[in-house]
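Per my numbering, the very first residue in the sequence shown carries number 2; after that it's consecutive.
Glycine included, every Cβ here is placed at the ideal spot set by N, Cα and C.
Note that the structure is a prediction, hence the values are computed from the model and not measured.
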Amino acid sequence: MRKRKAKILPIKIYGDKTLRRIAEPVEKLTDKIKDFIADLTFTMYEKEGVGLAAPQVGRLLRIFVVDPFWFTEGNEKKPVVLINPKFLEFEGQIESEEGCLSFPDIYEKVMRAKKVVIESLDEKGEKVRYEADELFARVLQHEYDHLDGILFIDKMSKLRKMFIKKKLNVLEKTTNKDGVNIG
Ligand code: NI
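Right, here's the structure in full:
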């Protein structure tokens with residue numbers, strides 16, 4: 002193992018154009034990409050998130066990391082890294098509250114599939130498959146959407162989006178071209 006200290010990557014805030022772009026598949030799991038994954042994971046924990054996708058830090062790669070239970074399980078960290086993920090199945094529907102590190106202070110209910118099956122590569126480049134439900138399933142769907150430039154506000158009902166419209170407009174207007182919110 003190479004010794005290297007992970008660093009915090011700046012998170013792009015709503016209004017940044019990168020968040021709307023489609024990410025490219027990872028062709029080869031190079032050391033550089035492994036370092037990036039370590040930084041992405043470190044950033045997720047430092048910013049107290051349960052998921053973080055590469056486009057959120059300005060890298061248009063199909064990579065995200067999730068750890069939906071580290072808050073509730075005594076801060077025990079079990080990051081799950083997904084590279085070039087693909088959903089195989091969706092089942093049921095359930096509405097629950099979501100937040101996003103690219104939308105500070107915005108929490109709103111979003112409808113998602115209740116259960117999902119996802120196939121992916123892990124951080125070692127090995128094939129993995131997860132059958133997820135509840136929060137795990139929700140976080141996977143939320144993060145996956147980031148790879149396609151889809152944001153949780155797109156999945157909200159019109160009514161719920163109306164409730165937060167003012168906040169969204171302010172956020173969008175106060176985010177600069179580097180994705181930094183200066184409001
Ligand atoms: Ni998000």
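Distance cut-off 7 Å: residue i Cβ against heavy atoms of the ligand NI
i    : result
L102 : yes
F153 : yes
Bridge-paired residues (DSSP) for residue i
i    : result
F88  : I119
Y15  : D17
K110 : E98
I151 : Paired residue(s): none; I151 is not in a bridge.
N182 : T176
A54  : F65
V81  : V67
K128 : L122
E25  : L62
Closest residue to residue i among the options (Cα-Cα distance)
i    : options                   : result
E109 : S97, L102 and K115        : S97
K155 : R139, V111 and E132       : Reading the sequence as shown, one finds Asp at residue 155 and not Lys. Out of R139, V111 and E132, V111 has the C-alpha closest to the C-alpha of D155.
Q57  : I165, A133, P11 and I183  : P11
T73  : L136, H147, K168 and R161 : L136
R63  : V171, H147, G180 and N177 : H147
I38  : P69, G50, V81 and G16     : V81
F104 : V129, G184, I95 and K33   : G184
R161 : I107, E127, V181 and G16  : I107
L1   : V129, M163 and E28        : Since the first residue of the chain shown is 2 and the last is 184, residue 1 is not available in this structure.
K33  : I23, A24, G16 and E124    : E124
Close beta carbons around residue i, own chain, < 6 Å, minus the five adjacent residues each side
i   : result
G59 : K13 and T19
P26 : R63 and N85
Residue i and residue j closer than 8 Å at C-beta
i    : j    : result
E92  : K116 : yes
E120 : L89  : yes
R203 : E99  : Nothing can be reported for residue 203, as the shown portion of the chain is limited to 2 through 184.
T176 : D17  : yes
Own chain, CB closer than 7 Å to residue i, minus 5 neighbours either side, in chain order
i    : result
D40  : A7, K8 and L10
R21  : G150
E144 : G52, A54, F65 and V67
L141 : V67, V117, I119 and A133
K48  : I12 and L102
Heavy atom of the ligand ATP within 7 Å of residue i beta-carbon
i   : result
L89 : Looking at this structure, you won't find the ligand ATP anywhere; what it does contain is the ligand NI.
Same chain, Cβ closer than 8 Å to residue i, five either side skipped, listed in chain order
i   : result
Q94 : M112, R113, A114 and K115
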